[in-house]
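Residue numbers (this note's numbering): 964 to 1148.
I have placed the structure first, in the form of structure tokens, so that the comments after it can refer back to it.
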Amino acid sequence: MLMKDFLELVQKRQSNRKYTNKPVEKDKLERCLEAARLAPSASNSQPWTFLVVDKPDLVKKVGNAAMGPLMSFNKFVSQAPVIVAIIMEKPKIITEVGGRIKKKEYPLIDVGIAAEHFCLQATELGLGTCMLGWFDEKKEKELLHVPEEKSITLLIATGYPPENYKHRKKIRKKFETVVKYNSYE
Ligand SMILES: Cc1cc2nc3c(=O)[nH]c(=O)nc-3n(C[C@H](O)[C@H](O)[C@H](O)COP(=O)(O)O)c2cc1C
964 MLMKDFLELV QKRQSNRKYT NKPVEKDKLE RCLEAARLAP SASNSQPWTF LVVDKPDLVK
1024 KVGNAAMGPL MSFNKFVSQA PVIVAIIMEK PKIITEVGGR IKKKEYPLID VGIAAEHFCL
1084 QATELGLGTC MLGWFDEKKE KELLHVPEEK SITLLIATGY PPENYKHRKK IRKKFETVVK
1144 YNSYE
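See the structure below:
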């Protein structure tokens, strides 16, 4: 379904916590990955690798390693047909030095932007996604053969939501609360 405008797309994207077993078409998945690849990053460092997990057995294991201690938290993840792990790569030296001087974690910001590019493109294609920051990183690294010294910053569960999956109204702080003009005080 094509969106009429960007804000409509932004409204439509929501964290999808139920998936059907309909597989994600490769061309659609790669369109989302392309949107992520084209994301901006500090000094154009592109400090990321998008690791696609689509082998059913492995998806189950990666999904299970994202479950919380109460078992219901993130239980849905293993039902998604695809999980994309975003691995943070070293940025350019200039970004690293700049980040140290300015006390900014540029690669973390970059990965967040790329992740949202992915999710918005997925939404436009009728797919559901959920970014996941809670997972057993050590276990995920073992499952995905990611070297210990690297960081898996985010997982994105991806797949089709059930037809009757409800669109939730966005719960957000008020516009006036989060937007200020010219002076913070
Ligand atoms: C960095 C990050 C980490 C998140 N981690 C999880 C998670 O582990 N499990 C989960 O169910 N949702 C997770 N979410 C989804 C948020 O809960 C969700 O974006 C927020 O409640 C707003 O709802 P919406 O995405 O439906 O608009 C995460 C979102 C972000 C941006």
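Ideal placement from N, C-alpha and C gives every residue a C-beta, glycine not left out.
| Check | Outcome |
| --- | --- |
| Outcome for Tyr928 when other beta-carbon atoms lying within 10 angstroms are tallied against a minimum of 16 | Past the boundaries of the shown model lies residue 928; the chain is included only from 964 to 1148, so the question cannot be answered. |
| Segments assigned beta strand (DSSP E), at least 3 residues, entirely inside the region 1081-1105 | 1091-1095 |
| Cβ separation of Ala1002 and Ala1077, assumed to be a contact under 8 Å, to the nearest whole Å | 4 Å |
| Start and end residues, beta strand (DSSP E) containing Ala1120 | Ser1114 to Gly1122 |
| Spatial neighbours of Val1040 in its chain, beta-carbon cut-off 6 Å, leaving aside the 5 residues before and after | Gly1026, Ala1029 and Ala1120 |
| Boundaries of the alpha helix (DSSP H) in which Leu1014 is found, first to last residue | No alpha helix (DSSP H) contains Leu1014, which is instead part of the beta strand (DSSP E) from Trp1011 to Val1016. |
| Rounded separation between Pro986 and Tyr1147 - CA only | 48 Å |
| Separation of Ala1085 from Leu992, as counted between CA atoms | 8 Å |
| At least three beta-carbon pairs within less than 8 Å, the region 1054-1063 to the region 1094-1102 | no |
| Which of helix, strand or coil DSSP assigns to Val1045 | strand |
| Beta-carbon separation (whole angstroms), Pro1044 vs Tyr982, contact threshold 8 Å | 7 Å |
| Heavy atom of ligand 2 within 7 Å of Met1030 beta-carbon | Ligand 2 is absent from the structure shown, which contains only ligand 1. |
| Sequence-distant residues of the same chain with beta carbon closer than 8 Å to Leu1088, five excluded per side | Lys991, Arg994 and Cys995 |
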